[in-house]
Each structure stands twice: as C-alpha cells, then as structure tokens.
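Novice:
Below you can see the structure in the form of structure tokens.
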C-alpha cells in the first residue's frame, strides 16, 4: 500500500528508481514539485491531523506530508468525493485523508451509503470493484491500478467455471476478497467472519454435505474444522498470511511471556490452533479494545 510521499516505481529514464517503494506521489519533495508549500495556513489546517499520526510520522517529515494532505482534503470537498481507507493503509492516509476506515466489506457498505458522487478507494483492485458493485451509480476511482492482491489474483472466472463443471450441483461460496468476475460465477459470497455460517447455510440450502469454498485454501481448511462440512478448496493464499508458522508463534511466546496472539482466518491451520484468538480484522480490533 502506498504512502502519500513514496516515489514512483520507475525513474524518468525508464530505469528503476532506487528510492521507489509504491505509488506515484514522489519522494519528500513531492509537495514542492507540485507547487505546494508548508505555509502557516497549511500548518493551521493540518495541526489537528498531525496529532493523530505523530507517533509514526516524525516532526521533521510532517512538512512534506501536510501540503499534500491539505490539498487532497480540499479537492475532496470541491469534487464531492470521499476516500475509503482500508485498515492496511499507512497512518497518514488512514487518519489524515480517509473519510471512512475499516475492512474491505465495511468500506463497500460506506460507499453505498454515502451521498458523495465520487468514491476513491485507498485499497486494492477487488475492493474498488466491490464498492462499484454496491454503488453502481457512483464513480469509483482506484489511485493505482497496480494495487493488487495475491489471493484475488489466484483465481479467475474461467477457473470457477471449470470447478463447477468438475463438481456439478455443488454450491460455490466465494470469499469477498476476489474479483468481480469470480463473484459473478459464484452462488454466494462470504467474509472471513461469516464464512462458516454461509457454508453451513449453503449445505442446508443445497441439501449436500459438500461445499466449494474459494479461493483461500487456509480459510477453507479453517471453516472445515469449524463446521465438519466437506470443503472443496482452491489453492489460493495470501502472500502475507501464508508466511506465519506455529513455530514462529511459539517463539513470540518465549520472547514475550503472557503475550496474546491474534490470527486471521487466512493463516495456516497450525497458526490458528496456537493463537489465542482467530477472527476477521474487525473482530481482532474489537478483541483488542475489549
């Protein structure tokens, strides 16, 4: 996910920019190159916002962020736009320009509910598609079309059609972290928080003991353990969640006695089994708050 001040992935000569991380805003001179200065007026506009991110953005860097933050917020008002900031965004985007914050599905609901004409999705491609599905009359913008998801990219609509040919009559439950074309080939979608309940519903509705749950292999295994229903899975994985291991969790416990370990259902089954709590991003946040 991009930071506001990150530099382009490529240099002007077509080569690799050594400063590059993500995004297209440029490096610490991004505001200056756009004719934006850190003036007393900008400082007054953004001081309250800085209070929310000062624990992660050093004071010396804030003058590089503030003019961009102010310009984005001014443009939102002028264009009747809102920014949906996913939980995975960096702090200056999440707190300083995001109008609505949350997980992908919660943000899509906000897109449908808002009166704004333009939705800017600070997230990945499938999130923007989901917002458009729930708010078809609105203009939905994705700042960087390269913002993808390894899990969503693991399966296509054609793959789903082949699965249905191989298992005719078996209901297809699709995780919301998928493209619009994959959702269109499915019987019903689910979230990480309601996947088990949706799978159980599909088994009853279709009067079957087998359900196809795609594309996350680990979510499928975790739901199978919860429900006892035979799950036909796809070999999709999140490139981040798949890295965690039970051994790693045990090492955390050894280094930090008494630590609470929270895991997302996209993690391998062995991780879920040794975690103190497993749930969606929203559920994990609620757990910490409680």
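In the working numbering, the protein residues as written are 5 to 294.
Glycine included, C-beta positions come from ideal geometry on N, C-alpha and C.
Can you give me the C-alpha to C-alpha distance between residue 106 and residue 44, rounded to a whole angstrom?
Specialist: So the alpha carbons of these two residues sit roughly 32 Å apart.
Novice: Under the assumption that residue 177 contacts residue 206 (Cβ atoms under 8 Å), give the Cβ distance between them as a whole number of angstroms.
Specialist: With a Cβ gap of about 5 Å, residue 177 and residue 206 count as contacting.
Novice: By how many angstroms is the C-alpha of residue 82 removed from the C-alpha of residue 118?
Specialist: Computed Cα separation, rounded: 16 Å.
Novice: How far does the beta strand (DSSP E) with residue 90 in it reach, from first residue to last?
Specialist: Note, residue 90: beta strand (DSSP E), 85 to 90.
Novice: I need the boundaries of the alpha helix (DSSP H) containing residue 227, first residue and last residue.
Specialist: It spans 221 to 231 - the alpha helix (DSSP H) in which residue 227 sits, taken as one unbroken run.
Novice: Comparing alpha-carbon positions, which option in 73, 62, 264, 240 lies nearest residue 157?
Specialist: Measuring from the Cα of residue 157, the nearest candidate turns out to be 240.
Novice: What is the DSSP secondary structure of residue 30, counted as helix, strand or coil?
Specialist: Model confidence at residue 30 stands at a pLDDT of 46, short of 50, so the residue's coordinates are unreliable; what they give is reported in the following sentence. In the structure shown, residue 30 sits in coil (DSSP, three-state: anything other than H, G, I, E or B).
Novice: What whole-angstrom Cβ distance do residue 219 and residue 137 have, given they're in contact under 8 Å?
Specialist: 18 Å between Cβ atoms; not a contact.
Novice: Count the other CB atoms, across all protein chains shown, that sit within 10 Å of the CB of residue 79; report buried if there are 16 or more and exposed otherwise.
Specialist: Its Cβ having fewer than 16 others within 10 Å, residue 79 is exposed.
Novice: With three or more C-beta pairs closer than 8 Å as the rule, is the stretch 273 to 291 touching the stretch 222 to 240?
Specialist: In short, these stretches touch, since the Cβ pair count reaches three.
Novice: Looking at C-beta atoms only, is the number of pairs between the stretch 118 to 128 and the stretch 144 to 158 that lie closer than 8 Å three or more?
Specialist: Judged by Cβ distances under 8 Å, the stretch 118 to 128 makes contact with the stretch 144 to 158, as three or more pairs qualify.
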